[in-house]
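Asks:
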Amino acid sequence: MRKLIMIGIVLLITASLVLAGCGPDETTTTTSAQPTTTTTATTTATTTTTSALPTATQTVTPADPDADKYGGVYKYPLNVAPASPIGHPAEMNNIEALVATAAMESLLLSGDGGIIYPRLATSWDVDVANKSMTFHLREGVKFHDGSDLTAEVVKWSWDLQIEAGKVPNWESVEVIDNLTIKLTVKAYQNTSLTGVSGYRIASKAAFDKNGIDWMRENPVGTGPFIFVSHERGSKVTFEKNPNYWDEGKPYLDGVEFVIIADDTIRELAFKNGDIHEYTAVGLTAQELVELGYDVHQRTGGTFCLIPDSANESSPFSKLEVRQAVSYAINRESMAENLGYGFARPAYQLYPGYSEAIVPGLVKTEYNPDKARELLAEAGYPNGFTTSIYSQGYVNPENYITALAAMLTEVGITCTPEFPESGKYSEYRFGSWENSLLAQALANLPNLNSIWSFYFLETAAFKSRYNPPEFIEAREASLNAPEIDPLLLQECFRIIAEELMAIPYLEETVMIFQRPGANNAGLDIASQTQFWCHLCYLEEEAR
2 MRKLIMIGIV LLITASLVLA GCGPDETTTT TSAQPTTTTT ATTTATTTTT
52 SALPTATQTV TPADPDADKY GGVYKYPLNV APASPIGHPA EMNNIEALVA
102 TAAMESLLLS GDGGIIYPRL ATSWDVDVAN KSMTFHLREG VKFHDGSDLT
152 AEVVKWSWDL QIEAGKVPNW ESVEVIDNLT IKLTVKAYQN TSLTGVSGYR
202 IASKAAFDKN GIDWMRENPV GTGPFIFVSH ERGSKVTFEK NPNYWDEGKP
252 YLDGVEFVII ADDTIRELAF KNGDIHEYTA VGLTAQELVE LGYDVHQRTG
302 GTFCLIPDSA NESSPFSKLE VRQAVSYAIN RESMAENLGY GFARPAYQLY
352 PGYSEAIVPG LVKTEYNPDK ARELLAEAGY PNGFTTSIYS QGYVNPENYI
402 TALAAMLTEV GITCTPEFPE SGKYSEYRFG SWENSLLAQA LANLPNLNSI
452 WSFYFLETAA FKSRYNPPEF IEAREASLNA PEIDPLLLQE CFRIIAEELM
502 AIPYLEETVM IFQRPGANNA GLDIASQTQF WCHLCYLEEE AR
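Sequential numbering from 2 applies to the sequence shown in the numbering used here.
1. So, under 8 Å CB-CB, Ile503 and Val326 are touching, yes? Tell me the CB distance rounded to an integer number of Å.
2. What are the complete beta strand (DSSP E) segments, minimum 3 residues, inside the segment 454-539?
3. For Lys236, which residues from the same chain have a beta carbon less than 7 Å from its beta carbon, with the 5 sequence-adjacent residues on both sides left out?
4. In whole angstroms, what is the alpha-carbon distance linking Leu448 and Ala188?
5. List in chain order: all unbroken alpha helix (DSSP H) runs of 4+ residues lying wholly within the segment 278-332.
6. Under a Cβ-count criterion, where at least 16 other Cβ atoms within 10 Å of its own Cβ denotes burial, should Gly147 be classed as buried or exposed?
7. Helix, strand or coil for Tyr351? Go by DSSP, reduced to three states.
8. Using 8 Å for Cβ pairs, my map puts Ala403 next to Thr416. What's the rounded Cβ distance?
9. Would you mind reading off the limits of the beta strand (DSSP E) that contains Glu378?
10. Less than 7 Å between C-beta atoms, sequence neighbours within five positions excluded: which residues of the same chain meet that for Ala542?
11. Which class does Pro90 belong to by DSSP, given the choice of helix, strand or coil?
12. Since Leu121 and Thr223 are thought to touch, with beta carbons under 8 Å apart, how far apart are those beta carbons, to the nearest angstrom?
13. Among the candidates Phe226, His231, Tyr200, whose CA atom is the shortest distance from the CA of Trp215?
14. Compare the C-beta of Asp149 with all C-beta atoms of chain D and state if any pair is closer than 8 Å.
15. Does the beta-carbon of Ser198 have 16 or more other beta-carbons within 10 angstroms, so that it is buried, or is it exposed?
16. Check whether the Cβ atoms of Pro83 and Met105 sit closer than 8 Å, and answer yes or no.
17. For Asp160, which of helix, strand or coil comes out of DSSP?
18. Mind the definition here: the segment 414-428 touches the segment 359-374 only if three or more C-beta pairs lie below 8 Å; say whether that holds.
19. Report back the beta-carbon spacing between Val127 and Met134 to the nearest angstrom; my notes put them in contact at under 8 Å.
20. Can you have a look at Lys424 and say buried or exposed, based on whether 16 or more other CB atoms are within 10 angstroms of its CB?
21. What is the rounded straight-line gap between the Cα of Thr414 and the Cα of Leu375?
22. In chain order, what are the residue ranges of uninterrupted alpha helix (DSSP H) at least 4 long that sit wholly in the segment 197-238?
23. Just list the beta strand (DSSP E) runs in the segment 376-429, keeping only unbroken ones of 3 residues or longer that don't cross its boundaries, in chain order.
24. Excluding the 5 residues preceding and the 5 following Pro86 in the sequence, name in chain order all residues of the same chain whose CB lies nearer than 6 Å to its CB.
25. Among residues of its own chain, excluding the 5 on either side of Tyr537, which ones have a beta-carbon nearer than 7 Å to its beta-carbon?
26. Work out the CA separation of Phe136 and Trp125 for me, nearest whole Å.
27. Can you tell which of Asp264, Glu337, Val322, Ser450 has the C-alpha that lies nearest to the C-alpha of Gly384?
28. Where does Trp452 sit, in a helix, a strand or coil, going by DSSP?
29. Relative to the alpha-carbon of Glu268, which residue among Ile451, Phe513, Phe531, His534 has its alpha-carbon at the smallest distance?
30. I'd like the list of long-range same chain contacts for Ala481, defined as Cβ closer than 7 Å, with 5 residues on each side in sequence excluded.
31. Which of the three DSSP states, helix, strand or coil, is assigned to Val359?
32. Can you tell me whether Thr102 is helix, strand or coil according to DSSP?
33. Skipping 5 residues on each side, what residues in its chain have a beta carbon closer than 7 Å to that of Val359?
34. Within this structure, are the beta carbons of Pro352 and Glu507 separated by less than 8 Å?
35. According to DSSP, simplified to helix, strand and coil, what is Thr192?
36. Taking Cβ positions, are Glu333 and Pro346 nearer each other than 8 Å?
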């Protein structure tokens, strides 16, 4: 039976969100027994929020409600091998952070609609006036090495993030008592609480005993699974944590992250039952739908090109060149011929989300003659040579090849490049001179989170120029007590008119599962697609 669950995101991302900017002066008091979103600043009181994480039976209904959920090893596919440490939270990139979620947990988890679920923290107090968040830790939680989860350990783990420059808006971390920790930020924003969910806690005892080099390759956390081995280029294996603090979980005996770079081989592995889920697009997705596989449908991420606009010697520093690139892209043709019904043209970021749509936006529709005219106006009548560096595990290769051909047609002779994950991260967090970076911008639970994750000067994409008017609009949107669609739209307007990012497609991604495989996180988790503590396999899938 097919399950079509409409939820918004394209990427397999579990990377941490970077916080920045200025915040309001006031706070709200809220106490709830249900999952809550970030609170609204309206009074001078302190915000207190307490939530209860839904159980798997509350969020997922199996074909047979009485089916035995225990047993089996869930085999989760990766199309790119981990390239950086999988055990040091402050050094992880996207793929490494995804793998580490099996062993390492954060204080909170963020789900669809910005809902916040407690994990290592059972409750939290938000004091907007004093720009602080105080977290009350779960009692009796132990790391895989037997050491205790304490406020001191959380401080140590968070301090690593501060020292690494990953959290520029974090001011300080203070231990209140053994199970209480206070985080003070430079400015409280409507993304501050949600952002905490991105930072996993590692065992300080394991680090002190074994050192940083050992820690990098050996994730030791409080999570549902214990690290077993990392066979480079092949798989990363975890086994069940018999002493997991969340009673009755995990259901699985283990988790394997199986690395299969070739999409055709990955599809065959799924059909043969060698992996339990498979993300497909185009004709493959059509075929799997027709075959009746269970499917989760996600939409909302935007594929785009990010130009090297901050480098004054780069052709892309000129607006006319960026406009030429946009006019050179035949979005309708790409959607029809490469999307196969699972993509639609995108002239701005997140066109599928009403709060992001910019009224009256002038579209740079396909016009190769206009593109050539703009290149001549910019001083490139004979064009120039460049490259597109693609994030291979997210951007379909045929998209990038098609884009390169379209740009070449108007005189921008373009070579598609597909570097491995580590090299791509060097471009993303460093620079990509005189070139274009292919990205897929995820729809995060709070759309304001994308500013810190994708559009912050001190974070990634440093080769992209952020105009002063955008920075002003971004800070206004972040600092609003609640998400304000008008403030969001102003940010998206500037991005579209300045072509800070050049969108081309918004794609619906179909995540298929084998019969009897239940990745429960797909039902409630907007950012993280693999909440393995809730996953289970029915007997036919083991």
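Think of the CB as a built atom: it goes at the ideal place given N, C-alpha and C, for glycine as much as any other residue. For clarity, every value in this text was computed on a predicted model and none was experimentally measured.
Replies: So, to answer that:
1. Residue mapping note: residue 503 aligns to position 502 of the sequence shown, counting from 1. Residue mapping note: residue 326 aligns to position 325 of the sequence shown, counting from 1. The beta-carbon distance between Ile503 and Val326, rounded to whole angstroms, is 6 Å. This is short enough to meet the 8 Å contact definition.
2. Within the segment 454-539, the complete beta strand (DSSP E) runs of at least 3 residues are 503-514.
3. By 1-based counting over the sequence shown, the position of residue 236 is 235. Sequence-distant partners of Lys236 (beyond 5 residues in either direction) whose C-beta falls short of 7 Å from its own C-beta, in its chain, are Glu257, Phe258, Val259, Ile260.
4. Taking the sequence shown and counting its residues from 1, one reaches residue 448 at position 447. Taking the sequence shown and counting its residues from 1, one reaches residue 188 at position 187. Each residue's alpha carbon lies about 18 Å from the other.
5. For the segment 278-332, whole alpha helix (DSSP H) runs of length 4 or above, ordered along the chain, are 283-292, 320-329.
6. Reading the sequence shown from its first residue, position 146 is the one you call residue 147. Label assigned to Gly147: exposed.
7. Here the question's residue 351 lines up with position 350 in the sequence shown. Correct three-state label for Tyr351: coil.
8. If you number the sequence shown from 1, residue 403 lands on position 402. If you number the sequence shown from 1, residue 416 lands on position 415. Wrong, their Cβ atoms sit about 14 Å apart, outside the cutoff.
9. For the purposes of this step, residue 378 is taken as residue 377 along the sequence shown, with counting starting at 1. Segment 369-378 is the alpha helix (DSSP H) holding Glu378; no beta strand (DSSP E) there.
10. As a working mapping, residue 542 is identified with position 541 in the sequence shown. Taking C-beta separations shorter than 7 Å and ignoring five residues to either side along the sequence, the partners of Ala542 in its chain run Gly73, His277, Arg515, Pro516, Gly517, Ala518, following chain order.
11. On the sequence shown, residue 90 is found 89 positions in, with the first residue counted as 1. DSSP places Pro90 in helix when its eight states are reduced to three.
12. By one-based count along the sequence shown, residue 121 stands at place 120. By one-based count along the sequence shown, residue 223 stands at place 222. Taking a contact as a CB-CB distance under 8 Å, the pair Leu121 and Thr223 counts as one, their CB atoms being some 6 Å apart.
13. The residue given as residue 215 occupies position 214 in the sequence shown. Comparing Cα-Cα distances from Trp215 to each of Phe226, His231, Tyr200, the minimum goes to His231.
14. No chain D is part of this structure, which consists of one protein chain only.
15. On the sequence shown, position 197 is the one that residue 198 refers to. In summary, Ser198 is buried, with 16 or more beta-carbon neighbours lying within 10 Å of its beta-carbon over all protein chains present.
16. Indexing the sequence shown from 1 puts residue 83 at position 82. Indexing the sequence shown from 1 puts residue 105 at position 104. It is not a contact, given that the beta carbons lie outside the stated cut-off.
17. Reading the sequence shown from its first residue, position 159 is the one you call residue 160. Reduced to three states, the DSSP call for Asp160 is helix.
18. Touching, no.
19. In the sequence shown, residue 127 corresponds to position 126, counting from 1. In the sequence shown, residue 134 corresponds to position 133, counting from 1. At roughly 5 Å, the Cβ-Cβ gap stays under 8 Å, so Val127 and Met134 are in contact.
20. Counted from its first residue, the sequence shown places residue 424 at position 423. Lys424 sits exposed, since fewer than 16 C-beta atoms from the chains shown fall within 10 Å of its C-beta.
21. Position 413 of the sequence shown, counted from the start, is the residue given in the question as residue 414. Position 374 of the sequence shown, counted from the start, is the residue given in the question as residue 375. One C-alpha to the other measures close to 15 Å.
22. Along the length of the segment 197-238, whole alpha helix (DSSP H) runs at least 4 residues long occupy 205-211, 213-218, reported in chain order.
23. For the segment 376-429, whole beta strand (DSSP E) runs of length 3 or above, ordered along the chain, are 385-391, 413-418.
24. Looking up residue 86 in the sequence shown gives position 85. Counting only Cβ-Cβ distances below 6 Å, and skipping sequence neighbours, we find Glu92, Arg217.
25. Against the sequence shown, residue 537 aligns to sequence position 536. Answer for Tyr537: Ala57, Lys70, Tyr252, Leu253, Asn519, listed in chain order.
26. Locating residue 125 in the sequence shown gives position 124, where the first residue counts as 1. Locating residue 136 in the sequence shown gives position 135, where the first residue counts as 1. Straight-line measurement puts the Cα of Phe136 at about 4 Å from the Cα of Trp125.
27. One-based indexing of the sequence shown puts residue 384 at position 383. That would be Val322, whose Cα lies nearest to the Cα of Gly384.
28. Counting from one through the sequence shown, the residue named residue 452 turns up at place 451. Residue state for Trp452 is assigned as helix, using DSSP reduced to three classes.
29. Looking up residue 268 in the sequence shown gives position 267. Selected option, being the one with the closest Cα: Phe513.
30. Here residue 481 refers to the residue found at position 480 when the sequence shown is read from its first residue. Excluding positions up to five away in sequence, the list reads Asn191, Leu488.
31. For the purposes of this step, residue 359 is taken as the residue at position 358 of the sequence shown. Under the three-state reduction of DSSP, Val359 is assigned to coil, being neither helix nor strand.
32. Your numbering for residue 102 matches position 101 in the sequence shown. For Thr102, the secondary structure class from DSSP, reduced to helix, strand or coil, is coil.
33. Here residue 359 refers to the residue found at position 358 of the sequence shown. By the criterion of a C-beta distance shorter than 7 Å, Val359 is surrounded in its chain by Gln349, Gln490, Phe493, Arg494, Ala497, once the five residues flanking it on both sides are discounted.
34. Numbered from 1 along the sequence shown, position 351 holds the residue referred to as residue 352. Numbered from 1 along the sequence shown, position 506 holds the residue referred to as residue 507. Contact: yes.
35. Taking the first residue of the sequence shown as position 1, residue 192 is located at position 191. Three-state DSSP puts Thr192 in coil, outside helix and strand.
36. Numbered from its first residue, the sequence shown carries residue 333 at position 332. Numbered from its first residue, the sequence shown carries residue 346 at position 345. Contact flag set, yes.
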